[in-house]
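One structure is given here, and the rest of the page talks about it.
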Amino acid sequence: MNINVIFEDKNIIVVEKPTKLPCQSDKTNDDNLLDILREKIKVENPKLKNVYLELVHRLDRPVGGALVLVKTKESNSNLSKQIQNRQLKKEYLTIVCGRFEENKGELKDYLKKLSTINMSKVVDPNTHGAKEAILAYQVLETIETEEYGVLSLIKVNLKTGRHHQIRVQLANANCPIWGDNKYNKSFVGNKGWTQIALWSYSLSFRHPIKNNYLTFNSTPTKEYPWDLFDLR
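Following full-length UniProt numbering, the numbering of the sequence shown begins with 1 at its first residue and continues without gaps.
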């Protein structure tokens, strides 16, 4: 599988993760992004004895878009600290079923991961294992459709990185993501495959070695329901 490389140097590699591809090996034993990129680096650098390539953040398997990986331990430490200090900015585009009352806002919830069913839920802050989840949203466009009613194109600025955070928080706000077969009741139980309308649109961070500020963008593929909106 060919992976679109947005940027690469000896410290980091920024790629456009394809939808349906897991970031790393899982119980399915399907091809995964990390192994594909490690093999790519081996082929391109035959004299390299050991390939160091690690994830510092992840995208859910159905989600595509911009993702940064690190090629040195020093870069790993630096970017991990940026994530911990909320200095790495992650923006997503998503299409939700419904509309928000306000065109801009912030959602703050406490989430608990339900490992046995690979889901998360909004819980009381005092719940054991609860973690704070924060995101900011901006409504870019809202349209009416015959089949799904009101659909809204939303830009999400993810301020924390919790399991299924965007999916859970938007569903809890009564604006579930189109195509989400875990948290959108309209799609739960669908027999056929439906591609979730969630895309990693932008990554911004300081280069782990050079310290210059970098921004990388990735635009969703022109397929339904993305093709209903102006993504320029």
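For glycine and all other residues, C-beta sits at the position ideal for the given N, C-alpha and C.
Computed from a prediction, not measured in an experiment: that's the story for all the values here.
- Compare the Cα-Cα distances from L198 to each of V5, G189, P208, N157 and report the closest residue. N157
- Item | Top-ranked residue by Cα proximity to V68, from R232, N190, T215, P220 | T215
- Message: If distances are taken between C-alpha atoms only, which option among K155, Y110, W193 comes closest to K104?
- Response: K155
- Task: Report the rounded CA-to-CA distance for T160 versus I83, giving the unit in angstroms.
- Result: 9 Å
- Euclidean distance between Cα positions of P208 and Y148: 44 Å
- Could you tell me whether the Cβ atoms of K90 and I12 are closer together than 8 Å? no
- Task: For the region 23-36 and the region 55-64, state whether three or more C-beta atom pairs, one from each stretch, are separated by less than 8 Å.
- Result: yes
- Beta-carbon proximity check, P220 vs L59, cutoff 8 Å: no
- Task: Reducing DSSP to helix, strand and coil, say where Q138 ends up.
- Result: strand
- Figure out for me which residue from L79, G64, G179, E8 has the closest Cα to the Cα of E16. G64
- Where N118 and D9 are concerned, what is the direct C-alpha to C-alpha distance, given to the nearest angstrom? 35 Å
- Message: Please report the distance separating the alpha-carbon of T142 from that of N78.
- Response: 39 Å
- Query: DSSP beta-bridge partners for E144?
  - Reply: V150
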